Amino acid sequence: DGGITQSPKYLFRKEGQNVTLSCEQNLNHDAMYWYRQDPGQGLRLIYYSQIVNDFQKGDIAEGYSVSREKKESFPLTVTSAQKNPTAFYLCASSSPAGQNTEAFFGQGTRLTVV
Amino acid sequence: AQSVTQLGSHVSVSEGALVLLRCNYSSSVPPYLFWYVQYPNQGLQLLLKYTSAATLVKGINGFEAEFKKSETSFHLTKPSAHMSDAAEYFCAVKKASNTGKLIFGQGTTLQVKP
């Protein structure tokens, strides 16, 4: 079955640690996105990538980093510079990016700082 | 800048009653429009999307939305609410460009009372 897989589903991080959230898709989509979800704030775009080896900052990129070495993978690293990382993180993909095509979402990763 | 506004962060209806979730967008050019549903601790699932082929769009689970350019609105409706419709609903707009970024509203939590 085609889809987007995020792992892990739950992640706990100690303060000062970097953690990496995995996102893999087998939909052959060119574009991939990372969103952060906080209660009452909807979804906010962290980073997006339209093609392999290229990515752009979204609205809240500070404290995060990404890579796009393969078409099917778009991992997100939450660095120690992110002041308030506790949130629900959603990965999405779509193709082609510029047309009326919807984004498909993974099941999310809930990150908690302990 | 494009934005989307969902009026009402919480909507409560009785089972069998009409569901109306409001969404207004700001754009000089009609964007691509989407409604997504999210169940607790899950990703987003597409309900429907505006394709410009018809102003009244039918989606899954009995939902539909009407695009009204004069009102810059894309409200979501369902004639008769079911308990299983209780979830969070997001309206989203997508620029007609090559980035494919989705801009989300704040979300509306739908409560269905027995």
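So the sequence lines, in the order shown, correspond to chains A and B. Under our numbering, the very last position in the first sequence is 114; numbers go up by exactly one each time. Under our numbering, the very last position in the second sequence is 228; numbers go up by exactly one each time. The beta-carbon is built from N, C-alpha and C at its ideal position, and this holds for glycine as well. Being a predicted model, the structure only gives us computed values, none of them experimental.
Say whether chain B places a C-beta atom closer than 8 Å to the C-beta of A/Glu62. Start at 1 with the first residue of the first sequence, and residue 62 of chain A comes out as number 62. Output row for A/Glu62: interface = no.
C-alpha distance - B/Ser140 paired with A/Thr79, whole-angstrom precision: Residue numbering aside, residue 140 of chain B sits at position 26 when the second sequence is read from its first letter. Residue numbering aside, residue 79 of chain A sits at position 79 when the first sequence is read from its first letter. The alpha-carbon atoms of B/Ser140 and A/Thr79 are separated by roughly 34 Å.
Does the beta-carbon distance from A/Ser93 to A/Leu21 come in below 8 Å? Reading the first sequence from its first residue, position 93 is the one you call residue 93 of chain A. Reading the first sequence from its first residue, position 21 is the one you call residue 21 of chain A. Going by C-beta atoms, A/Ser93 is not nearer than 8 Å to A/Leu21.
Proximity winner among B/Gly157, B/Leu132 and B/Asn175, relative to A/Arg110 (alpha-carbon distances): Residue mapping note: residue 110 of chain A aligns to position 110 of the first sequence, counting from 1. The residue with the shortest Cα to Cα distance from A/Arg110 is B/Gly157.
Kindly list the residues whose CB is nearer than 8 Å to the CB of B/Val125, restricted to its own chain and excluding five residues on each side of it in sequence; keep chain order. For the purposes of this step, residue 125 of chain B is identified with residue 11 of the second sequence, where counting begins at 1. Excluding residues within five positions, the ones whose Cβ falls inside 8 Å are Val133, Leu134, Leu135, Thr222, Thr223, Leu224 and Gln225.
Could you pull the start and end residues of the beta strand (DSSP E) that B/Ala206 belongs to? Against the second sequence, residue 206 of chain B aligns to sequence position 92. Residues Ala201 to Lys208.
Does A/Tyr48 come within less than 8 Å of chain B when only Cβ atoms are used? For the purposes of this step, residue 48 of chain A is taken as the residue at position 48 of the first sequence. Yes, A/Tyr48 lies at the interface with chain B (some Cβ there is under 8 Å from its Cβ).
Using the three-state DSSP reduction, which class does A/Ile60 fall into: helix, strand or coil? If you number the first sequence from 1, residue 60 of chain A lands on position 60. The answer is coil: DSSP assigns A/Ile60 none of H, G, I, E or B.
May I have the straight-line CA-CA distance separating A/Asp30 from A/Gly3, to the nearest angstrom? Taking the first sequence and counting its residues from 1, the one referred to as residue 30 of chain A is at position 30. Taking the first sequence and counting its residues from 1, the one referred to as residue 3 of chain A is at position 3. Cα-Cα distance, rounded: 14 Å.
Short-range partners of chain A found in the segment 148 to 162 of chain B, where Cβ spacing is below 9 Å: Phe148, Tyr150, Gln152, Asn155, Gln156, Gly157, Leu158, Gln159 and Leu160
Within 10 angstroms of the Cβ of A/Gln82, are there 16 or more other Cβ atoms? Answer buried if so, exposed if not. By one-based count along the first sequence, residue 82 of chain A stands at place 82. Buried.
The beta strand (DSSP E) with B/Glu178 in it runs from where to where? As a working note, residue 178 of chain B is residue 64 in the second sequence. Note, B/Glu178: beta strand (DSSP E), Glu178 to Lys182.
Determine whether the beta carbon atoms of A/Thr72 and A/Gln107 lie at a separation below 8 Å. Translated into positions along the first sequence, residue 72 of chain A becomes position 72. Translated into positions along the first sequence, residue 107 of chain A becomes position 107. The displayed chain sequence assigns Glu, not Thr, to residue 72 of chain A. Contact: no.
Under the DSSP definition of a beta bridge, which residues are partnered with A/Glu24? Here residue 24 of chain A refers to the residue found at position 24 of the first sequence. Answer by DSSP bridge pairing, in chain order: A/Thr5 and A/Ser73.
Cα-Cα separation, B/His189 to A/Arg36: Within the second sequence, numbered from 1, the residue matching residue 189 of chain B stands at position 75. Within the first sequence, numbered from 1, the residue matching residue 36 of chain A stands at position 36. Between B/His189 and A/Arg36, the C-alpha separation is close to 24 Å.
Measuring CB to CB, does B/Val118 end up less than 8 Å from B/Phe218? Indexing the second sequence from 1 puts residue 118 of chain B at position 4. Indexing the second sequence from 1 puts residue 218 of chain B at position 104. Yes, these two residues count as a Cβ contact at 8 Å.
For the beta strand (DSSP E) containing B/His124, name the first residue and the last one. Looking up residue 124 of chain B in the second sequence gives position 10. His124 to Ser128 is the span of the beta strand (DSSP E), which, as asked, contains B/His124.
Select from B/Gly173, B/Ala195, B/Ala131 and B/Phe204 the residue whose C-alpha is nearest the C-alpha of B/Tyr153. The residue labelled residue 153 of chain B in the question sits at position 39 within the second sequence. Answer by Cα proximity: B/Phe204.
Could you tell me which whole beta strand (DSSP E) segments of length 3 or greater appear in the segment 134 to 173 of chain B? 146 to 152, 158 to 164 and 170 to 172
For B/Leu216, which option in A/Tyr47, A/Lys9 and A/Pro75 has the closest C-alpha, if you only look at C-alpha atoms? As a working mapping, residue 216 of chain B is identified with position 102 in the second sequence. It is A/Tyr47 whose Cα lies nearest to the Cα of B/Leu216.
Please list, in chain order, the chain B residues whose beta carbon lies closer than 8 Å to that of A/Gln82. On the first sequence, position 82 is the one that residue 82 of chain A refers to. Result: empty, since nearest Cβ-Cβ is about 20 Å, beyond 8 Å.
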